[in-house]
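Okay, so the sequence shown: first residue is -15 according to our numbering, each after it adds one.
Positions of the beta carbon are idealized from the N, C-alpha and C atoms, including for glycine.
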Amino acid sequence: MGPTGTLPRAQAGGAIVPARGHPVPAATRWTRVPRPGGWLQFESGWLSTDQALKNLETMVSLLQRAQEGLNGIDTLLEDAIAAVNDAWSKGNKTGPPPEGIGETVWTRLNQIDEIVRQCRFYGRGLLDGQSSVAGIGVGLDFIRGGANTCSAPAEGYPVSIDVLPSRAYILGGVALEEDWVRAEEEIFLAEGEHFVRYRIGPQETVASLVLGLREQARMAGLDVQIGLTAQRRLIVRHNQYGSQYKFKGCSFRTPLLSKRPGKVEWSRKGRDIQGTLSSEPAFGIGRMLVGYLDNERTSELAVVWHGGRLEEGRNARCYVVQNGLRFQDGAGTDNAPVCLVLPILYTRHLGRWMETPSSYRSLADVRFDTWQELRDALHLMLAVSFDLEDWRERVQGWIKRYQNQALACLRRSPAAAGREQPRADERVTAAQAERMALQLRERMQHELVAVR
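Right, dumping it as C-alpha cells:
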C-alpha cells in the first residue's frame, strides 16, 4: 500500500486491444507528434513470422531503453528522498531547515528532467510524452491516459463536475472561550497509527490551544489541518479529499471537539468528486475523476480538479493526444494491434494528484523554507517513488512477455530450421532471452525500417 495520495494503478496499460473507431492501416504511422530523423516504424497488416519477430525484437529493445531511463530516475529520486529524510529526522525543528537541502534536491530533479529528455529510441522520446497519452486541462489538470484513451477533437473533451469533492472533518460543539478551554483536560486525535494527546495547561488560551494542537499533530505525523470556524468553533479537517480518508478525536471534559465529552468520535465522511468526461461515465477518487475502462473515448483518462475556476455549469475542458506505442506482435492477421502507453516523467508532471498543506502542484514545486514544506516534499516524493516502482514492474513485465513471444516466433521461423531451440517445457532465463535477442538483432539489423 502506497503512502497517502498514491495514484491508483492503471488496469489495462498493456492489454491487447483493437483500435477503436480507426481501421488498421497498411503501415502503422505515428500521428500528432514531431518526427525527428531516424523515426521508428513497425510492420502491420498481414505479417509473416519473420516480420512479427522483427516487431517483437524492436519492441523489447525499446522497452529495455525505457527501463534504463526508469532505473536512472529511480536512483536519483531515492537520493533526494534520503537527503530530505535525513534532514527531517536529524534537524532541529526550532530553527529553519538546513540551507543546502534545497540545492541538493533541485539538482537531482534537474537530472531527472535531463534523463527524460535523453531517453529516446530511434529518435522517439520514450518518457517525455511522445510515447504516452499527453494532455492539458482548462479549469483542471491532466493526470494520465491509458491504452484505449482516444485523442480529443480540436475543441477538447468537455468535463462536467456534478458534485464537488470534500474532506473528512470533526467540528467542535461549542464556540471556543477561555472558560471552556480551561475547563478541558485533554484533547485526543488519531489517524491510523499516528495519534496525539494534547494536555491543556492551566494558563491555556484559545490561541495557544490551536497553535499547540496544530504543532503536536504535525510532529506526530497526522495529515490534518486544525483551525477555527467563523463562529470560533474548533474544526479539524483531513488534508486529503475523498471518502477513503478518516480520523477520530475526543475532548474529555467538554464538547470542545467531540459533541459528547469523553466519547471518541469519528470524522464526518469526505466526498469524492462526481462527474462525466465527454459525456461518458467516470468515477471519483478524491479530487481526481477517472474514465471507466469500457468508455469508448475516455477509457482510463484521469484529470484532477484543484479548485480552479470552472465554466458556467461547473464545466471544464481537457485536450488529449494519444501517442502510445501501437504495433502488431503476431503473424498473420489474427492478432489485434497492441498499444503500450509509457509514463510522462518530467518533474512538472509527477505528483499532480497529491494534496499537501504546502499546495504543491507537482514535484517541480517543492520548497524547503519551512519544516512543513520539507515534510510535505518528503511525502510527495515518497508517493512519486511508489508510482515509479509500479511503472518499473510494469515495463519489466512487458519485456518478459515480448521476449517469450519472440522465442515462440523464433521456434516457428524458417530461419531457425536446423538450429537447436529451447524445448516448450524448458524455462528460458533472462540471460538466455537476452542472448537470443542479440542474435536476432544481428540477423535482422538490415531489416529495421527507419523513415527519415
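- About 6 Å separates the Cβ atoms of Arg49 and Leu110, confirming a contact at the 8 Å cut-off.
- The C-beta of Trp355 has 16 or more other C-beta atoms within 10 Å across all chains shown, which makes the residue buried.
- Looking only at Leu93, Tyr106, Val304 and Glu139, the smallest Cα-Cα distance to Leu47 is reached by Tyr106.
- Within the same chain, Cβ atoms closer than 8 Å to the Cβ of Ile383 are found at Val44, Leu47, Gln48 and Gln51, the five residues on either side in sequence being excluded.
- By the Cβ-count criterion, Lys77 is exposed, with fewer than 16 other Cβ atoms from all chains shown falling within 10 Å of its own Cβ.
- Under the three-state reduction of DSSP output, Lys74 falls in the helix class.
- Judged by DSSP in its simplified three-state form, Trp337 adopts coil rather than helix or strand.
- Of the residues Arg332, Asp353, Gly270 and Gly56, the one whose Cα lies closest to the Cα of Ser342 is Asp353.
- Excluding its 5 nearest sequence neighbours in each direction, Ser263 has C-beta neighbours in its own chain below 8 Å: Pro142 and Ser144, listed in chain order.
- For a cut-off of 8 Å, the C-beta gap from Glu168 to Ser242 is around 11 Å, too long to register as a contact.
- Secondary structure at Val190: helix, using DSSP grouped into helix, strand and coil.
- Counting only runs of at least 4 residues, the region 54 to 142 fully encloses the following alpha helix (DSSP H) elements, listed from N- to C-terminal order: 85 to 102.
- Rounded to whole angstroms, the Cβ separation of Asp256 and Gly275 is 15 Å, and the two are not in contact under 8 Å.
- Between Leu61 and Ile96, the gap from beta carbon to beta carbon is short of 8 Å.
- Annotated three-state conformation of Asn223 is strand, per DSSP.
- Looking only at Arg221, Asp70 and His290, the smallest Cα-Cα distance to Gly123 is reached by His290.
- Taking each of Asp58, Gln258 and Gly254 in turn and checking the Cα distance to Asp374, the smallest one comes out for Asp58.
- Within the same chain, Arg221, His222, Tyr225 and Gly254 come within 6 Å of Arg151 by CB-CB distance, once the 5 residues on both sides are set aside.
- In the DSSP assignment, Arg183 falls outside any alpha helix (DSSP H) and within the unbroken beta strand (DSSP E) covering His178 to Arg183.
- Counting of Cβ neighbours within 10 angstroms places Pro81 among the buried residues, the total reaching 16 or more.
- Per DSSP, Val165 is one residue of the alpha helix (DSSP H) stretching across Glu162 to Ala167.
- Of the residues Asp146, Ile85 and Leu193, the one whose Cα lies closest to the Cα of Ala71 is Ile85.
- Straight-line measurement puts the Cα of Glu162 at about 59 Å from the Cα of Ala131.
- By the 16-neighbour rule on beta-carbons within 10 angstroms, Val147 is exposed.
- Here the alpha carbon of Leu366 sits roughly 14 Å from the alpha carbon of Tyr344.
- Cβ contact annotation for Ile65 (same chain, cutoff 6 Å, sequence separation greater than five): Met365, in chain order.
- Under DSSP, Ala266 shares a beta bridge with Gly275.
- For the pair Ser369 and Val117, the Cα-to-Cα distance works out to about 21 Å.
- Within the model, the alpha-carbon separation for Phe172 versus Gly270 is close to 26 Å.
- In this structure, Val158 places its C-beta atom within 8 Å of the C-beta atom of Arg217.
- Thr260 sits in a strand when the DSSP states are folded into three classes.
- Its chain contains Lys253, Gly254, Arg255 and Asp256 as the residues whose beta carbon lies nearer than 7 Å to that of Ser227, once the 5 sequence neighbours on both sides are disregarded; these appear in chain order.
- Rounded to the nearest whole angstrom, the C-alpha separation of Asp360 and Lys232 is 22 Å.
- Burial state of Leu334 is buried, judged by a 10 Å Cβ sphere holding 16 or more other Cβ atoms.
- Excluding five sequence positions before and after Leu197, the CB atoms of its chain that fall closer than 8 Å to its own CB belong to Ile171, Leu173, Val180, Tyr182 and Ile210, given in chain order.
- The three-state reading of DSSP puts Phe370 in helix, counting H, G and I together.
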